[in-house]
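Peer 1: Each residue of the sequence shown is one higher than the one before, starting from 160 at the first, in the numbering used here. Just so you know, even glycine gets a beta-carbon here, dropped at the ideal spot from N, CA and C.
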Amino acid sequence: MAFLITILDFLFGCHHANLSRVFTLGGETYKVCCDCGAKYAYSLDTMSIERRLPLTPVLTRFRIA
Ligand SMILES: [Zn+2]
């Protein structure tokens with residue numbers, strides 16, 4: 160199943176180049192796609208994106224009151 164998800168993610172996942180600056184929140188360092196909201200784990204050691212993080216319900220984590 161993970162293989163299928165990887166293929167679908169490759170075909171339909173984020174391929175945007177419009178990424179935010181680097182954020183560190185809750186011990187996680189990441190960039191966010193400004194077009195679709197996909198999160199990318201970012202390594203401060205190599206100063207590069209490591210991998211795309213699994214989709215999370217962003218709206219439930221960053222509630223705007
Ligand atoms: Zn995107």
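Only counting the same chain, and skipping five residues up and downstream in sequence, which positions put a Cβ closer than 8 angstroms to that of S207?
Peer 2: The residues are Y201.
Peer 1: Beta-carbon distances below 5 angstroms to any heavy atom of ligand 1 define the shell here; list its residues in chain order, please.
Peer 2: Residues flagged by the Cβ proximity filter: C173, H175, C192, D194, C195 and A197.
Peer 1: Once you ignore the five residues that flank C193 on each side, which residues in its own chain have a CB closer than 6 angstroms to its CB?
Peer 2: Contacts found: N177 and S179.
Peer 1: In whole angstroms, give me the CA-to-CA distance for L203 and L212.
Peer 2: Taking the straight line joining both Cα atoms gives about 16 angstroms.
Peer 1: Which class does T283 belong to by DSSP, given the choice of helix, strand or coil?
Peer 2: Only positions 160 to 224 of the chain appear in this structure, which leaves residue 283 out of reach.
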